[in-house]
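To keep things clear, I will list the structure first and then write my remarks on it.
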């Protein structure tokens, strides 16, 4: 059993996805059950599928001072940092604690891979990258965190976590450990992943992409819709922001089963869930809402549905928001953590967009339509290739 | 606090010149060293996985297996942190070349092996490890940052932790920008408390605002300069071979990690 942790304040957070730029557009879209998926209009040879594309990334070029980091993923990071005054909040933390006392832990699955793909499409006659893309920094998986560290002027521990689709949930755990040991006083966490050919054609090659908008947990679901997103959160000790929403716990585990399919009994997912509840000092019946991983792939949803059905009472509400945004891969953990935080803040259980006839494995917890109720504790599940699992627990400050 | 103690219980190492930590110790003493087999044996992997696994996975599993065997810990119980500055550079080259030419022909197996946590995934499957596993990087500071991360995990959770740092040689246009021209991996089992298997005590101290001190010196032509992980890990590995010493590693662009290796009683 894991040792309970001291809660941390989530003193600022933000998200940018196919639903729009910043929190307001996300709340509005969830409340109106208005999804952000569109027919695929990305890439040189578009596959017939639906995607969760962020508007305005192409126009959000980096300032000249950061031009060496220019690429689509860092543009989305820059766009995301400017929503909900997140950039100012992060700079304020740097001012209060000092640049070396704020950690930066970011997650991505593809980093700037889109720029590397473009370089390969435009190789010169000798097979070298074109001069404008011959920038080693953007062909490294650390490109995102390297850019954001420079943009925010942070000088503390700086790390990229890349465990596929659990990545940006795990960053909360890295940050909590650094703060608990006193190595830093605050941490900027988050994740950014952008659409690129690697993921669209990669998931297509695995036959995991749905030809229609994804339908998590529906009996007729036919695979995922790939999306893109940027999300960030600022974590501090609770005395710095006593009224802020809180990170109560987290859980991490490995399936030890298969590279790309989940453990059939959900063993790893359950271990991560138990770990999160133990660290938060919570019982299952105290959980009001769970933002499920719910990708709309046949096997993943079935395993997760069974886990929720056997673990939680009917009063716990659960839903997948991937029907709204698509599966944003390395950014899914932070995006869905933000949905869990918004659920607490607004008393809103978002419905599972796209699900009309739930899989037989689903219990009464699955919310098909929006529900309004008080939410004090919310979990967010994230599972990735390689059998990598994470679960986050959030709550409000005690009254 | 900006200082972390952690105890080394196992050390793994593989390069084209040195097959394990004993070979490095022999080299440092001036003894002749026989180069290892061309391919990391990775005996922790079941035979069928070993045949199919990419080089990046074989390398990481080989050094992980060495370190865990030396520690006499149970691999299934160890949380693990896998670090690589560039991930699987051969698959990146293959994927970008295929996507530029015939995207619909992308291999599904190579795609799922392209994730940065593929070595962690294969390792946890091979050892039945259900503890947390991670896959991280930090550019040129990947080795120092992941040593800090593994020590942090070990101290915060009060558990021994496996750290694996590896990078294979690059190829194609992507290989030109990574500057990795040879394969190298190393691994450490780190424990929060001194125990019977402790080989030495590492004291990690964060030294911020150290930008200029972290610039690499002029190249000397040493073999370990041909791999980013080897170049960063080399000072600490030499100290481990000697049993004591101090070194400074980059943990981020301007964050230095002072690493003192002390003998244990």
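Chains as they are written, first to last, in my numbering: chain L, 152 to 550; chain B, 39 to 303.
Glycine included, C-beta positions come from ideal geometry on N, C-alpha and C.
Please list the partners that residue 134 of chain B has in chain L, where partner means a Cβ-to-Cβ separation under 7 Å. Contact annotation for residue 134 of chain B against chain L: 267, 268, 271 [CB-CB distance below 7 Å, chain order].
For residue 428 of chain L, which of helix, strand or coil comes out of DSSP? In this structure, residue 428 of chain L counts as helix in the three-state DSSP scheme.
Buried versus exposed, by CB contacts within 10 Å (16 or more), residue 549 of chain L: Residue environment for residue 549 of chain L: exposed (fewer than 16 other C-beta atoms within 10 angstroms of its C-beta).
Residue 45 of chain B, DSSP secondary structure in three states: In the displayed model, residue 45 of chain B falls within a strand according to three-state DSSP.
Counting only beta-carbon separations shorter than 8 Å, does residue 545 of chain L have a partner in chain C? Annotation note: the requested chain C is absent from the structure, which comprises protein chains L and B.
Secondary structure at residue 204 of chain L, three-state DSSP: helix, strand or coil? Correct three-state label for residue 204 of chain L: coil.
For residue 174 of chain B, which residues in chain L fall below 8 Å Cβ to Cβ? Those are 310, 311, 312, 313, listed as they occur along chain L.
With a 10 Å radius around its C-beta and 16 neighbouring C-beta atoms as the bar for buried, classify residue 306 of chain L as buried or exposed. Buried, since its Cβ has 16 or more Cβ neighbours within 10 Å.
Please classify residue 90 of chain B as buried or exposed, where buried requires at least 16 other C-beta atoms within 10 Å of its C-beta. Burial call: exposed.
Does residue 153 of chain B get closer than 8 Å to chain L when you measure Cβ to Cβ? Interface residue, yes.
Could you check how far apart the C-beta atoms of residue 52 of chain B and residue 97 of chain B are, in whole angstroms? I think they sit under 8 Å. Confirmed, Cβ separation roughly 6 Å.
Helix, strand or coil, according to DSSP, for residue 112 of chain B in the structure here? Of the three classes helix, strand and coil, the one that applies to residue 112 of chain B here is coil, per DSSP.
Could you tell me which whole alpha helix (DSSP H) segments of length 4 or greater appear in the segment 273-350 of chain L? Here the runs fully enclosed are 294-303, 318-331.
Using a Cβ-Cβ cutoff of 9 Å, what residues of the segment 403-421 of chain L are near chain B? List them in chain order. Going along the segment 403-421 of chain L in chain order, one finds 403, 404, 405, 406, 407, 408, 409, 410, 411, 418, 419 with a Cβ nearer than 9 Å to chain B.
Nearest to residue 371 of chain L (by Cα), restricted to the options L:523, L:225, L:450, L:518: Selected option, being the one with the closest Cα: L:450.
With DSSP as the reference, identify every bridge partner of residue 52 of chain B, one or two as the case may be. Beta-bridge pairing links residue 52 of chain B to B:223.
Cutoff 8 Å: residue 260 of chain L Cβ touching any chain B Cβ: At a cut-off of 8 Å, the C-beta of residue 260 of chain L has a neighbouring C-beta in chain B.
Using a 10 Å radius around the Cβ and a threshold of 16 neighbouring Cβ atoms, would you call residue 127 of chain B buried or exposed? It is buried - the Cβ of residue 127 of chain B has at least 16 other Cβ atoms within 10 Å.
Considering only heavy atoms of the ligand ADP, does any lie closer than 7 Å to the CB of residue 167 of chain B? Among the components modelled here there is no ligand, and therefore nothing to report on the ligand ADP.
Which first and last residues belong to the beta strand (DSSP E) in which residue 256 of chain L is found? Bounds of the beta strand (DSSP E) holding residue 256 of chain L are 253-258.
Mind pulling the chain L residues with CB within less than 9 Å of residue 163 of chain B? Neighbours of residue 163 of chain B on chain L, chain order: 405, 406, 407, 408, 409, 410, 537, 538.
Using a Cβ cut-off of 8 Å, pull out every chain L residue sitting near residue 243 of chain B, in sequence order please. One finds nothing in chain L with a Cβ atom closer than 8 Å to the Cβ of residue 243 of chain B; even the nearest lies about 11 Å away.
Residues of the segment 187-210 of chain B in Cβ contact with chain L at a cutoff of 7 Å, in chain order, please. Listed by position along the chain: 187, 190, 191, 193, 194.
Report yes if the C-beta distance between residue 241 of chain B and residue 191 of chain B is below 8 Å; otherwise report no. In this structure, residue 191 of chain B does not lie closer than 8 Å to residue 241 of chain B by Cβ.
Look at the alpha carbon of residue 292 of chain B and the alpha carbon of residue 184 of chain B, and state the distance between them as a whole number of angstroms. About 15 Å.
Neighbour flag for residue 323 of chain L against chain B, beta carbons, 8 Å: Closer than 8 Å: no.
Residue 404 of chain L versus residue 398 of chain L - alpha carbon distance: Straight across, the Cα-Cα distance linking residue 404 of chain L with residue 398 of chain L is about 18 Å.
Could you check what DSSP says for residue 159 of chain B in three-state terms: helix, strand or coil? Annotated three-state conformation of residue 159 of chain B is helix, per DSSP.
Say whether chain B places a C-beta atom closer than 8 Å to the C-beta of residue 352 of chain L. Interface residue (Cβ-Cβ distance to chain B less than 8 Å): residue 352 of chain L is classified as such.
Output, in chain order, the set of chain L residues within a Cβ distance shorter than 7 Å of residue 40 of chain B. In chain order: 334.
From the beta carbon of residue 128 of chain B, is the nearest beta carbon of chain L less than 8 Å away? Cβ-Cβ to chain L under 8 Å: no for residue 128 of chain B.
Would the beta-carbon of residue 173 of chain L fall within 8 Å of that of residue 180 of chain L? No; because the gap between Cβ atoms is not below 8 Å, this pair is not in contact.
Examine chain B for any beta-carbon lying closer than 8 Å to the beta-carbon of residue 278 of chain L, and answer yes or no. For residue 278 of chain L, the answer is yes, since a Cβ of chain B falls inside 8 Å of its Cβ.
Since residue 491 of chain L contacts residue 545 of chain L with CB under 8 Å, what's their CB separation in whole angstroms? Rounded to whole angstroms, the Cβ separation of residue 491 of chain L and residue 545 of chain L is 5 Å, and the two are in contact under 8 Å.
Just confirm the distance between the C-beta atoms of residue 408 of chain L and residue 163 of chain B, as a whole number of angstroms; I'd bet it's less than 8 Å. Right, the Cβ-Cβ distance comes to about 7 Å (below 8 Å), so this counts as a contact.
Collapsed DSSP secondary structure at residue 532 of chain L in the structure displayed: Note: residue 532 of chain L maps to strand in three-state DSSP.
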